[in-house]
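Notes for the one structure printed next.
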Amino acid sequence: MENPSDFSNPPMEPENITSVRSLRELVDLVTGRFATGQQPLEESGLVLEPQPFPFLALVGQSEMKLALLLTLINPAVGGTLLIGPRGTGKTTAVRSLLGLLPDVERSKCFYGCLPEDIETEGMDGLCPDCAQKIAHDIPLTFTDHVRLVELPLNARLEDTIGGIDERAAANDRVRLKRGILAQADRNILYADEVNLLSEDIVDAILDAAALGYFTVRRGPVNATYHSRFRLVGSMNPEEGKLRPQILDRFGLRVIVRGLEDPLERWDAYQRSADHRINPGAYNQQFSEITRIARQEIQNSIRLLPDVVLSREIGALGIRLVQAMKIDSLRAEITLFEAARAYAAADNRTTVEPDDLRAVAPMALRMRKSQFMADFLDDISKEESQIEEVLSQISAFKE
Ligand SMILES: [Zn+2]
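Heads up: the sequence shown at position 63 corresponds to 70 in our numbering, and the numbers run straight through without jumps.
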């Protein structure tokens, strides 16, 4: 060695250095990547239910089904929140989406790099590995199904965003473990009982969903992961409220009630019993129509970029939002994006007033804040009081 003083402060204990075979491995080690990049990505939140109840066999609940389909077609609606008591089929409905999920180009990379990231962020949008692959014409992706990733109720912030890999830490190696949000990239993330999750977890999920990426920092190690997922949350209002700010960040909100029609209830009972006895045979009856539905969703996703919402339709939507006295701009975003998805699902490229009408209740309900209404009311009363006092003072002066 020419200049041994350069190594006077080794970053790790000598026994760890012996486990590094190349500079590349050393870089991977200190930046939190897998040493070889070959280990399978751990998928702790992934649902692999072999025979979920078929979506097309669900009885009633048409608004819930519509909201879930719109979320599949257009992630820009900002996710769906299902609000209702226990036992109304919320989780069954979300899991039934498994059969409908279309194919997607999935990244082979730990960080989720995609070729389209170059369009939005230039080569900085890729990790060094993927930039190398692009230079050598090696594909970054493979075709895969969209998956359903469930956030376990007992998930900690560490599990959600990722943290120090404890197995590696036991060997004095510092590296990061992918969290559930990173696994959810290009998939659907289902957060059941979102009102029972801690606020930091809910904030992390909503931030990652809104931005499409997130950064984890743990001491000297940090990593940025992609998180472009479709979000579905559910909650039972009997078990706790959601803060209004959190509620506002969900795009569509569906009130899920128990079935009221006795015939529908009987039908629902029969179907779930048949499915329980022999799921394979039951699902077989729905396999062809499920395949067609999956194809239709794929077509709608492809059509969506061409769907235009005219100024006139926009003005109509804004009138509706203002008539409802809603302040949040998220109301328009969700209303318009859901209407575009609805038009795409109907194989059209222009949004019509009926599209707005179909999605308005789920886009606009529960967005008015009584607190803000009272607050603004108070402020305007106070301002007119100040005006009045001022005018009295100036009258006195004259
Ligand atoms: Zn990459």
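Even glycine gets a Cβ: it sits at the ideal position worked out from N, Cα and C. None of these values were measured; they are calculated from a predicted model.
Since residue i and residue j are thought to touch, with beta carbons under 8 Å apart, how far apart are those beta carbons, to the nearest angstrom?
i              : j              : result
leucine 218    : isoleucine 187 : Actually they do not touch by this definition, with Cβ atoms about 16 Å apart.
aspartate 192  : serine 234     : 5 Å
threonine 95   : valine 263     : 5 Å
glutamate 339  : isoleucine 325 : 6 Å
leucine 342    : valine 358     : The Cβ separation is near 10 Å, so there is no contact.
leucine 108    : valine 239     : With a Cβ gap of about 12 Å, leucine 108 and valine 239 do not count as contacting.
arginine 183   : glycine 169    : The sequence given here has leucine at residue 183, not arginine. That belief holds up - the Cβ atoms of leucine 183 and glycine 169 are roughly 6 Å apart, short of 8 Å.
tyrosine 232   : tyrosine 118   : 6 Å
valine 201     : valine 153     : 21 Å between Cβ atoms; not a contact.
leucine 160    : aspartate 210  : Not quite, the Cβ-Cβ distance comes to about 17 Å (not below 8 Å), so this is no contact.
isoleucine 125 : alanine 352    : Actually they are not in contact, since the Cβ atoms of isoleucine 125 and alanine 352 sit about 30 Å apart, beyond 8 Å.
leucine 89     : methionine 71  : 6 Å
proline 146    : glycine 106    : Wrong, their Cβ atoms sit about 28 Å apart, outside the cutoff.
threonine 222  : leucine 63     : About 40 Å; that fails the 8 Å criterion.
Cβ of residue i versus every heavy atom of ligand 1: is any distance shorter than 7 Å?
i            : result
tyrosine 349 : no
Considering just the uninterrupted stretch of the beta strand (DSSP E) at residue i, what are its terminal residues?
i              : result
methionine 242 : 237–242
glutamate 359  : That residue, glutamate 359, is in no beta strand (DSSP E); it is neither H nor E in DSSP.
arginine 185   : 183–185
leucine 133    : First-last for leucine 133: undefined, no H or E at that position.
aspartate 151  : 148–152
leucine 158    : 155–158
Which residues mark the beginning and the end of the alpha helix (DSSP H) in which residue i is found?
i              : result
glycine 324    : 318–330
isoleucine 168 : 164–168
leucine 342    : 337–352
Report the start-end ranges of each beta strand (DSSP E) in the region 193–233 that is 3 residues or longer and not cut off at the edges.
If only complete runs of 3 or more residues are kept, the region 193–233 shows the beta strand (DSSP E) at 195–198, 220–225 and 228–233, in order along the chain.
Runs of 3 residues minimum, wholly inside the region 49–123: which ones carry the beta strand (DSSP E) assignment?
Runs found: 87–90 and 110–114.
In chain order, what are the residues with a CB under 5 Å from some non-hydrogen atom of ligand 1?
The set, ordered by position in the chain, is Cys116, Tyr118, Cys120, Cys134 and Cys137.
At 4 residues or longer, and completely inside the region 245–296: list those alpha helix (DSSP H) runs for me, N to C.
You should have 251–256, 269–284 and 286–291.
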